[in-house]
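Residue numbers for the sequence shown follow the numbering used here, beginning at 53 and rising by one.
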Amino acid sequence: MLYRYPFSLGVLALLTSLIAILPRSPGQRNGEAPPITVGPNVQVSAVRARINHAEVTLAADPTNPKRMLASAMYYPEGVAGSKVVGYMSGDGGKTWELSFERLEEAKRMGLDPAVAYGPDGTAYCMDLSVQFPEKEPATPEEEAKAPKFGDPDVGYLHLAHSRDGGKTWAPISKLNRWIDRPWLTVDRSTGKYRGRLYCVGSIGQPLLYTSDDKGQTFSSPHLWSVKPGYWSFGIGNPVTLSDGTLIALYDGYIGSYAKDRTPYLAVRRSTDGGVSFGDEALVGNWNVQNNPQLCLPAMAVDSGSTKYRDRLYVVWAEERESGLQVRCSYSKDRGASWSKPVLLSEQPEGKAGEKTYNACIPSVAVNKAGAVAVLWYDQRGLPSDGKGWNVRLRVSPDGGETWLPSVQVNKVTSEKASLALLGHTSGLAADAEGVFHPLWIDNRTGVLQVWTAAVTVTALVSI
């Protein structure tokens, strides 16, 4: 007893001095909350808890901070292939209900859902309906007669709109020429094209549809030539600037889809509502050879803050010798030029040929204060067999110039499952009050389910 008391005081003094000199999180002072706060995890797809889901997207209503619409592919029992499902929330993501299910076409697959809100709170959902041949062509003659990529008899697009945020839906419109990985955006500017709906996708080249009547009718598909010999793997989501300028994002290769192809990532701008496009602006090299489905790009625009208004952000994953990495570039001049890409997924540099961990399938959003958030699937600290994932989010408070350390948003690690089960997209949106809402897939219940959480950025400070 004689020695324990003074020894304890010494240890306490030592610990106190150490704590005083330990580095704190950027932007965090003594006694303050951390700059990023992650709320409870919420199971979005609980009403379909026994069905595996994949490839999520998310939209937030600009007129109602409590309303959001999520979409995903899923695999109901007794149905061939995937279908498309939607869920809506009217309380800021705390609870979710079924919004729609596309089950009526039993022999067709439902793929690639995309959701968006217009400036008046109208919700939109686009998805792809495809019927592939029951067997592969066995001869050159059968190959010549087989339906080709983009043919109307192979597939078409569904588009539906909802005036009550996703509770009830108007009849579906069909676009009889399908495009791969369709994306939606609605012009929410005060310009002449306010309310115009843009749908972009790819049939080996980027293709655009427009609609001025909430998707009931669409323009003829507009195909623009990018570069001689260009072949598009996929398309990123488009955005509109404060004056209605449309920014289209796409990835692809110079040359055929082969090992010697040259990958790159670029944007083009349209100031006339998608009728014509200006010159191509290179964003990055993309550096993808083997896993493009895990590396698709995503884009966001600052439409709410004063300091960074119309600043654009593009995120994507690249294949490096050490693994898949998430990168970001921004544009301060409305997409004409782009910053040097920065690594967001925090892999150590390591030695040449040394494997670290994979980070992939990113998404990006900007809130009304100008904070930028990026979400991705991450395998750091997990077994080296390539199975399992966590979900991380990283925030920039100053227009992409610097970044706070990433935080994990899922409370339970997904285990013993492959990244290939996730589809091609994750979801991320900022609601009208500035709260971020990541949307992801995990298997904590033993089933691949859709989850979300509210993420609040509590300190917007320079790092």
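Cβ atoms here follow ideal geometry from the backbone N, Cα and C, with glycine treated the same way.
>> Would the region 248-268 count as touching the region 169-178 if we require 3 or more Cβ pairs under 8 Å?
In response: yes
>> With DSSP as the reference, identify every bridge partner of TRP368, one or two as the case may be.
In response: Translated into the one-based positions of the sequence shown, residue 368 becomes position 316. Per DSSP, ARG379.
>> Going by DSSP in three states, VAL461 sits in which element: helix, strand or coil?
In response: Numbered from 1 along the sequence shown, position 409 holds the residue referred to as residue 461. Three-state DSSP puts VAL461 in coil, outside helix and strand.
>> With distance defined between alpha-carbon atoms, name the residue in ALA482, GLY486 and ARG432 nearest to THR465.
In response: Indexing the sequence shown from 1 puts residue 465 at position 413. For THR465, the nearest C-alpha among the options comes from ARG432.
> Fully enclosed by the region 74-134, which beta strand (DSSP E) runs are 3 residues long or longer?
Replying inline: 88-90, 105-112 and 120-126
> Where does GLN460 land, buried or exposed, given buried means 16+ other C-beta within 10 angstroms?
Replying inline: Numbered from its first residue, the sequence shown carries residue 460 at position 408. GLN460 comes out exposed.
>> Within a Cβ cutoff of 7 Å, which residues of the same chain sit near GLY145, ignoring the five residues on either side of it in sequence?
In response: Counting from 1 along the sequence shown, the entry for residue 145 is found at position 93. Correct list, in chain order: VAL94, MET120, HIS489, THR504 and ALA506.
>> Between PHE409 and LEU471, how many whole angstroms is the CB-CB distance? I'm expecting something under 8 Å.
In response: Taking the sequence shown and counting its residues from 1, the one referred to as residue 409 is at position 357. Taking the sequence shown and counting its residues from 1, the one referred to as residue 471 is at position 419. According to the sequence as given, residue 409 is Tyr; it is not Phe. Their Cβ separation, rounded to whole angstroms, is 11 Å, which puts TYR409 and LEU471 out of contact at 8 Å.
> From ARG361 to LYS219, what distance separates their C-alpha atoms?
Replying inline: On the sequence shown, residue 361 is found 309 positions in, with the first residue counted as 1. On the sequence shown, residue 219 is found 167 positions in, with the first residue counted as 1. The alpha-carbon atoms of ARG361 and LYS219 are separated by roughly 33 Å.
> Whole-angstrom Cβ separation of GLY138 and LYS118, contact assumed at under 8 Å?
Replying inline: Reading the sequence shown from its first residue, position 86 is the one you call residue 138. Reading the sequence shown from its first residue, position 66 is the one you call residue 118. Actually they do not touch by this definition, with Cβ atoms about 17 Å apart.
> Per DSSP, what kind of secondary structure is GLU153 in: helix, strand or coil?
Replying inline: Working through the sequence shown from its first residue, we reach residue 153 at position 101. Strand.
> What's the gap between the Cα of LEU110 and the Cα of ASN228?
Replying inline: For the purposes of this step, residue 110 is identified with residue 58 of the sequence shown, where counting begins at 1. For the purposes of this step, residue 228 is identified with residue 176 of the sequence shown, where counting begins at 1. Distance between the alpha carbons of LEU110 and ASN228: 25 Å.
>> Going by beta-carbon coordinates alone, are ASP324 and PRO234 separated by less than 8 Å?
In response: Stepping through the sequence shown from its first residue, residue 324 is reached at position 272. Stepping through the sequence shown from its first residue, residue 234 is reached at position 182. In this structure, PRO234 does not lie closer than 8 Å to ASP324 by Cβ.
> Would GLU373 pass as a contact of GLY405 if the rule is Cβ separation under 8 Å?
Replying inline: Within the sequence shown, the letter at position 321 stands for residue 373. Within the sequence shown, the letter at position 353 stands for residue 405. Yes, Cβ-Cβ distance for GLU373 and GLY405 is below 8 Å.
>> Taking the alpha-carbon of PRO128 as reference, which of ARG154, ASN116, VAL108 and GLU107 has the nearest alpha-carbon?
In response: Position 76 of the sequence shown, counted from the start, is the residue given in the question as residue 128. Answer by Cα proximity: ARG154.
> Is it buried or exposed for ALA190, if we count other Cβ within 10 angstroms and need 16 for buried?
Replying inline: Position 138 of the sequence shown, counting from 1, holds the residue named residue 190. Burial call: exposed.
>> Rounded to the nearest angstrom, what separates VAL340 and LEU456 at their Cα positions?
In response: Stepping through the sequence shown from its first residue, residue 340 is reached at position 288. Stepping through the sequence shown from its first residue, residue 456 is reached at position 404. Distance between the alpha carbons of VAL340 and LEU456 is about 27 Å.
> To the nearest angstrom, how far is it from the Cα of PRO344 to the Cα of ASP113?
Replying inline: By 1-based counting over the sequence shown, the position of residue 344 is 292. By 1-based counting over the sequence shown, the position of residue 113 is 61. Roughly 31 Å between the two C-alpha positions.
>> Cutting at 7 Å between CB atoms, please list the residues of its own chain near GLN377, excluding the five before and the five after it.
In response: In the sequence shown, the residue the question calls residue 377 occupies position 325. The residues are ALA369, GLU370, LEU395, SER397, GLN399 and ALA411.
> Apart from the five residues on each side of it in sequence, which residues of its chain come closer than 6 Å, Cβ to Cβ, to LEU427?
Replying inline: Looking up residue 427 in the sequence shown gives position 375. So the list reads SER415, LEU445, SER478, LEU480 and PRO490, once near-sequence residues are dropped.
> From TYR382 to ALA158, what distance separates their C-alpha atoms?
Replying inline: Numbered from its first residue, the sequence shown carries residue 382 at position 330. Numbered from its first residue, the sequence shown carries residue 158 at position 106. Cα to Cα, the separation comes out at about 43 Å.
> What do you get for GLU156, buried or exposed, if any count of 16 or more other CB atoms within 10 angstroms of its CB means buried?
Replying inline: Working through the sequence shown from its first residue, we reach residue 156 at position 104. So GLU156 counts as exposed.
> Can you tell me the Cα-Cα spacing of PRO449 and GLY130, whole angstroms?
Replying inline: Position 397 of the sequence shown, counting from 1, holds the residue named residue 449. Position 78 of the sequence shown, counting from 1, holds the residue named residue 130. Between PRO449 and GLY130, the C-alpha separation is close to 48 Å.
> First and last residue of the beta strand (DSSP E) that includes TYR409?
Replying inline: In the sequence shown, the residue the question calls residue 409 occupies position 357. Counting along the chain, TYR409 falls outside any beta strand (DSSP E), and DSSP gives it neither H nor E.
>> Nearest by alpha-carbon distance to LEU473: which of THR508, THR237, LYS439 and THR242 is it?
In response: Numbered from its first residue, the sequence shown carries residue 473 at position 421. Of THR508, THR237, LYS439 and THR242, the residue nearest in Cα terms is LYS439.
> Can you tell me where the beta strand (DSSP E) with GLN431 in it begins and where it stops?
Replying inline: Taking the sequence shown and counting its residues from 1, one reaches residue 431 at position 379. Taken as a continuous stretch (DSSP letters only), GLN431 belongs to no beta strand (DSSP E), as it is neither H nor E.
> SER254 and ASP232 look like a contact to me (Cβ under 8 Å); what is the Cβ gap, rounded to whole Å?
Replying inline: Looking up residue 254 in the sequence shown gives position 202. Looking up residue 232 in the sequence shown gives position 180. The pair is a contact, with the Cβ atoms about 5 Å apart (cut-off 8 Å).
>> Let me make sure I understand the geometry here. Which of HIS476, ARG102, ALA106 and ASP179 has the alpha-carbon closest to that of ARG160?
In response: Within the sequence shown, residue 160 is the residue found at index 108, counting from 1. The candidate whose alpha carbon is nearest that of ARG160 is ASP179.
>> Once the 5 residues before and after SER389 are set aside, which same chain residues still bring their CB inside 8 Å of it?
In response: Stepping through the sequence shown from its first residue, residue 389 is reached at position 337. The answer, listed in chain order, is ALA333 and SER383.
> VAL319 and TYR365 look like a contact to me (Cβ under 8 Å); what is the Cβ gap, rounded to whole Å?
Replying inline: Residue numbering aside, residue 319 sits at position 267 when the sequence shown is read from its first letter. Residue numbering aside, residue 365 sits at position 313 when the sequence shown is read from its first letter. The Cβ separation is near 11 Å, so there is no contact.
>> Going by DSSP in three states, LEU293 sits in which element: helix, strand or coil?
In response: On the sequence shown, position 241 is the one that residue 293 refers to. Residue state, collapsed to three classes: coil.
>> Quick check on LEU346: does DSSP put it in helix, strand or coil?
In response: As a working note, residue 346 is residue 294 in the sequence shown. The answer is helix: DSSP assigns LEU346 an H, G or I state.
> Per DSSP, what kind of secondary structure is ALA472 in: helix, strand or coil?
Replying inline: One-based indexing of the sequence shown puts residue 472 at position 420. Helix.
>> Let me make sure I understand the geometry here. Which of LYS392, LYS359 and ILE224 has the alpha-carbon closest to that of ASN337?
In response: Residue 337 sits at position 285 when you count from the first residue of the sequence shown. Checking every option, the nearest Cα to that of ASN337 belongs to LYS392.
> Can you tell which of THR115, PHE152 and ALA132 has the C-alpha that lies nearest to the C-alpha of ALA124?
Replying inline: In the sequence shown, residue 124 corresponds to position 72, counting from 1. Here the closest residue by C-alpha is PHE152.
> Would LYS226 pass as a contact of TYR250 if the rule is Cβ separation under 8 Å?
Replying inline: Translated into positions along the sequence shown, residue 226 becomes position 174. Translated into positions along the sequence shown, residue 250 becomes position 198. Going by C-beta atoms, LYS226 is not nearer than 8 Å to TYR250.
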